[in-house]
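Here's the structure we're looking at; comments come further down.
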Amino acid sequence: MILLVLVWVVSLSSCKIEPEPIQYGADQCHFCKMNIVDKAHAAQYVTDKGKQYKYDAIECMIREISRAGNLQISMKLVSDFSAPGNMIPAEEASYIISPGIKSPMGANLSAVKELDQAKKLIQEFEGAVFNWDDIQGKINSK
Amino acid sequence: MIFYIVFGFTNLLLGNQIEICPTCEVKTISEGIEMAQPGDELIIQSGLYKEHNLTIKKKLKLTGKGKPVIDGGKSGHILKILADSVTISGLTIQNVEQSYTKDYAAIYISRVKYYEVNNVILENVFFGILVEKSHYGKIYNNQISSVAMSEAGAGNGIHLWHCSNVEIFGNEISDVRDGIYFEFVSDSRIWDNYSHDNIRYGLHFMFSNNDSYQDNVFVNNGAGVAVMFSKFITMTNNRFFKNWGTASYGLLLKEIYDAEIENNIFEENTIGINLEGSTRINYKNNVFKRNGWAVKIAGACYANKFYNNNFLHNSFDISYNSKLNDNSFESNYWSSYTGYDLDKNGIGDIPYRPVKLFSYVVNRTPETIVLLRSLFVDIINFSEKVSPVFTPDNLMDQNPLMKMVL
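Below, the structure is given as structure tokens:
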């Protein structure tokens, strides 16, 4: 009986829809197949069914989402450039494209949590600020 | 007067030498750089120099004698080269600052021509040599290493960005992120380098065209070499060893066109060559020995030609993920070929099918790999060989060789 309950608990917990931490240096980008090493630029999303997709750069995730069409995504996360290793919701983040900050796949794209931080960064490094909708259009138009 | 002019002229041509050592008149390198005239040579004698942000804005030669050490104390770049025709040699440079937002380097070279870095030892670096928008350079016989880190936060050994006409040879690079990284680099050559134990790639091309690399050895990296989004790359006489792991390859080709891959050895890699979206590539005289997958072909690869290669004792010789085939396999030696040669012309009388059905099953469900050596798998592979249903039926070597290509 206890065993049954245990099995039930285990099977339930494994179906939770939540992000899985990226193993930097070991995990592979689902789109470009590069190993994920850059803590300031990684991204990931989780589908409705709880499957994890990880990316070495935000531009890779954006391209994959647009190519795959109607994906059932429940959660999209991007790295916070101002706090590397920290993941923030993609829809709420502010994005910068700046020639002074290189990203792994050449789009020079980074994300931060607050709009103010983004504005501060482009003062230091030059560039432009985007929100989630605009940045998708910008990356996919290239 | 004439003597004076001649003297001055030769002086200008040869340049002065300025000696730097802890007990000399000039005690620091920054002082030496400050007082030097363009064309001078700074001779740096052995000793420890705790300096960083040494900015060179004129044509100079920095030569180390007796292994002098420059310690950057983990703050910013150590040497910054911002003038044409600067040569750095014989120095040991160590302790570069690590950062997530800025790419600090032991030697930072920006917007110059005719630079040269040789016989330099770079230790505990973030980026070793970082070159931006510079042309006609030579980087040779250097040793670059950092502290081995299992995770990110590491920089690249030699990183070139928007450069052309560079020669990189005889370097040993280890324990960094990418040994050598080419991003938007054209018309450059890489040879005789030894790149090992790096976290990501031994060598990495991105958006770089018309380059070549030969006679290099890549051992025990996250993955050996990645060539991505590039055209006209020649790869010859390289050795790719021991790149093991789930995301590991000897060579990763992604969206590349018109490449030549000849005389390379791929040994004991999880995947010898992984190719995706790669077209018009010739593979000739390569040896694939004891890899998990010798060649793994995924999606949109057209007009690849495999000719005169040796496939020796790989778990899978070729793996496909689709039923379509536009690539050709001709006159290769396959160690798992079981055909015969009755007319004794050195060519097997029945074609060889390098794709096993089981490789499709593994592609779909990676966990099934535990069944690899089982009888069941042998039976399904055999039945597929007899009547191909899932594997591309035109995918075969019509002239499999009976003897290894030497």
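Residue numbers (our numbering), protein chains in the order written: chain A, 6 to 147; chain B, 620 to 1025.
C-beta: ideal position from N, C-alpha, C; glycine also.
Please read all numbers here as calculations on a predicted model, not as lab measurements.
Do the CB positions of residue i and residue j come within less than 9 Å of each other?
i	j	result
residue 729 of chain B	residue 745 of chain B	no
residue 940 of chain B	residue 917 of chain B	yes
residue 672 of chain B	residue 708 of chain B	no
residue 93 of chain A	residue 82 of chain A	yes
residue 660 of chain B	residue 680 of chain B	yes
residue 79 of chain A	residue 134 of chain A	no
residue 151 of chain A	residue 131 of chain A	Any question about residue 151 of chain A goes unanswered here, given that chain A covers just 6 to 147.
residue 757 of chain B	residue 727 of chain B	no
residue 861 of chain B	residue 893 of chain B	no
residue 47 of chain A	residue 27 of chain A	yes
residue 778 of chain B	residue 725 of chain B	no
residue 116 of chain A	residue 41 of chain A	no
Do we get a CB-CB distance below 9 Å when we pair residue i with the residues of chain A?
i	result
residue 864 of chain B	yes
residue 819 of chain B	yes
residue 780 of chain B	yes
residue 911 of chain B	no
residue 627 of chain B	Residue placement at residue 627 of chain B cannot be trusted, given a pLDDT of 48 that sits under 50; what the coordinates show is reported in the next sentence. Output row for residue 627 of chain B: interface = no.
residue 816 of chain B	no
residue 639 of chain B	no
residue 759 of chain B	no
residue 873 of chain B	yes
residue 620 of chain B	Low local confidence applies: a pLDDT of 49 at residue 620 of chain B is under 50, so the model's placement there is unreliable, and no value is given.
residue 847 of chain B	yes
residue 853 of chain B	no
residue 997 of chain B	no
Our contact map puts residue i next to residue j with C-beta atoms below 8 Å; I'd like the distance itself, whole angstroms only.
i	j	result
residue 839 of chain B	residue 815 of chain B	5 Å
residue 689 of chain B	residue 670 of chain B	6 Å
residue 830 of chain B	residue 807 of chain B	5 Å
residue 24 of chain A	residue 719 of chain B	Residue 24 of chain A to residue 719 of chain B, Cβ: 20 Å. No contact.
residue 59 of chain A	residue 37 of chain A	Contact flag wrong, Cβ pair sits at about 11 Å.
residue 810 of chain B	residue 788 of chain B	5 Å
residue 950 of chain B	residue 1020 of chain B	6 Å
What does DSSP give as the partner residue(s) for residue i in the beta ladder?
i	result
residue 823 of chain B	B:800 and B:845
residue 1016 of chain B	B:971
residue 636 of chain B	B:660
residue 935 of chain B	B:912
residue 94 of chain A	A:82
residue 141 of chain A	Residue 141 of chain A is not bridged to any residue.
residue 810 of chain B	B:788 and B:833
residue 838 of chain B	B:815 and B:860
residue 949 of chain B	B:926
With 9 Å as the threshold, decide whether the Cβ of residue i is near any Cβ in chain B.
i	result
residue 112 of chain A	no
residue 33 of chain A	yes
residue 74 of chain A	no
residue 145 of chain A	no
residue 135 of chain A	no
residue 1 of chain A	Here chain A has residues from 6 to 147 only, and residue 1 of chain A is not among them.
residue 38 of chain A	yes
residue 106 of chain A	yes
What residues in its chain sit with their C-beta under 7 Å from that of residue i, if we drop five residues either side in the sequence?
i	result
residue 678 of chain B	657, 658, 702, 703, 704 and 705
residue 977 of chain B	996, 999 and 1000
residue 43 of chain A	61 and 109
For residue i, which residues in the same chain have their Cβ closer than 8 Å to its Cβ, ignoring the five residues on either side in sequence?
i	result
residue 1022 of chain B	952 and 965
residue 969 of chain B	958 and 959
residue 910 of chain B	869, 885, 886, 887, 888, 889, 890, 891, 933 and 934
residue 1011 of chain B	939, 941, 942, 943, 944 and 974
residue 625 of chain B	With a pLDDT of 49 at residue 625 of chain B, under the threshold of 50, the predicted position of this residue should be treated as unreliable, though the coordinate-derived value follows. Same-chain partners within the cutoff: there are none.
residue 817 of chain B	776, 792, 793, 794, 795, 796, 797, 798, 840 and 841
residue 651 of chain B	637, 639, 645, 661 and 663
residue 127 of chain A	101, 103, 133 and 134
Who are the near neighbours of residue i in its chain, counting only those whose CB is closer than 6 Å to its CB and skipping five residues on each side?
i	result
residue 139 of chain A	none
residue 39 of chain A	61
residue 694 of chain B	671 and 716
residue 904 of chain B	881, 882 and 927
residue 629 of chain B	Model confidence at residue 629 of chain B stands at a pLDDT of 49, short of 50, so the residue's coordinates are unreliable; what they give is reported in the following sentence. Cβ within range, chain order: n/a, list empty.
residue 683 of chain B	663, 709 and 710
residue 812 of chain B	790 and 835
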